[in-house]
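Protein chains in written order, with the numbering used here: chain W, 2 to 210; chain B, 645 to 740.
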């Protein structure tokens, strides 16, 4: 892994999630929850493919103080030519684990899962590391984000985070139309969702005062 | 793996957050919420949260709302209350 590549952003969170339409509500939940907590989610969307991609992913992980790895998507991808599991997410978790082993003070990783005890079967090397169980729901993701990230002041509540989640879920269709994107997992759409989530969190805070 | 971490970094302003995301100024303006505030001079400022200066200043609240809608057709518009009502007092915000 290349060293000294990127400056570490203390409030950036590398988000390792599946880019699948069926996962879209949890995708919105992670964005809304992290942004509401005053954090900046970063993803691999928009990174170039090819040999440089691995360096870019490693650089992205190294630039983030935290990483979240949602390993709830343990299924076969049945798209041709072969039905295979997707290994990208566990691989990226491995990069983060190694980065933290080499630089303990610079990185902290968390695993999120849908079902309790499943990871002990799917990735038994991590036995002893308790995942956050979100039960496949947006409110579960918010609850677990609050459990792992504690703000010293103005810790948002789950209902406040859910309100931001509903706002960006509602606006996702207009963001798609505006950006001309074909799906939600494009860099431009991700940027807009993050910005709208920050705007919605701010509006909610102003209306509350 | 840590169980819980404490976040001490300040929450970024909307402007800072947009810049970090790499959004252009025009794009930030079209997406984000817009604030309409009454100034001490009696006119109305249309402002993006976190911006130092008002985007525009107009004579009436109606004009300010029109300008804000034009600036951010998709964004939320928050108007500073100028009267005390049973739903909110001065210095509170209402959503259009």
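For each residue, glycine too, the CB sits at the ideal point set by N, CA and C.
DSSP places residue 37 of chain W in the uninterrupted alpha helix (DSSP H) bounded by 25-37. Rounded to the nearest whole angstrom, the CA to CA distance from residue 127 of chain W to residue 63 of chain W is 21 angstroms. Against chain B, the CB of residue 148 of chain W has a partner CB under 8 angstroms away; the residue lies at that interface. Along the region 166-200 of chain W, the positions whose C-beta sits under 8 angstroms from a C-beta of chain B are 172, 175, 179, 192, 193, 195, 196, 197, 199, 200, read in chain order. DSSP places residue 196 of chain W in the helix class (H, G or I) of the three-state scheme. DSSP lists W:70 as the bridge partner or partners of residue 17 of chain W. Nearest to residue 675 of chain B by C-alpha distance, out of B:717, B:726, B:688, is B:717. Within the same chain, and ignoring the five residues on either side of residue 32 of chain W in sequence, the residues whose Cβ sits closer than 7 angstroms to its Cβ are 42, 169, 194, 195, 198. Residue contact with chain B for residue 99 of chain W: absent (no Cβ-Cβ distance below 8 angstroms to any residue of chain B). For residue 739 of chain B, same chain residues with a beta-carbon under 7 angstroms away, outside a window of 5 residues either side, are 720, 722 in chain order.
Of all alpha-carbon atoms in W:173, W:107, W:83, W:72, the one lying nearest the alpha-carbon of residue 90 of chain W is that of W:72. Using a Cβ distance threshold of 8 angstroms, residue 148 of chain W and residue 672 of chain B do not count as a contacting pair. About 19 angstroms separates the CB atoms of residue 37 of chain W and residue 68 of chain W; that is not less than 8 angstroms, and the two are not in contact. Taking the Cα positions, residue 27 of chain W is about 7 angstroms away from residue 138 of chain W. Nearest CB-CB separation between residue 158 of chain W and chain B: not below the 8 angstroms threshold. Residue 678 of chain B and residue 692 of chain B do touch by the CB rule: their CB atoms are close to 6 angstroms apart, below 8 angstroms. When secondary structure is reduced to three states using DSSP, residue 113 of chain W falls in the strand class. Counting only runs of 3 or more residues that sit fully inside the region 94-150 of chain W, the beta strand (DSSP E) segments are 109-114, in chain order. Ranking W:124, W:142, W:110 by CA distance to the CA of residue 24 of chain W puts W:142 first. Interface criterion not met: the Cβ of residue 56 of chain W is under 8 angstroms from no Cβ in chain B. When DSSP states are grouped into helix, strand and coil, residue 732 of chain B belongs to the strand group.
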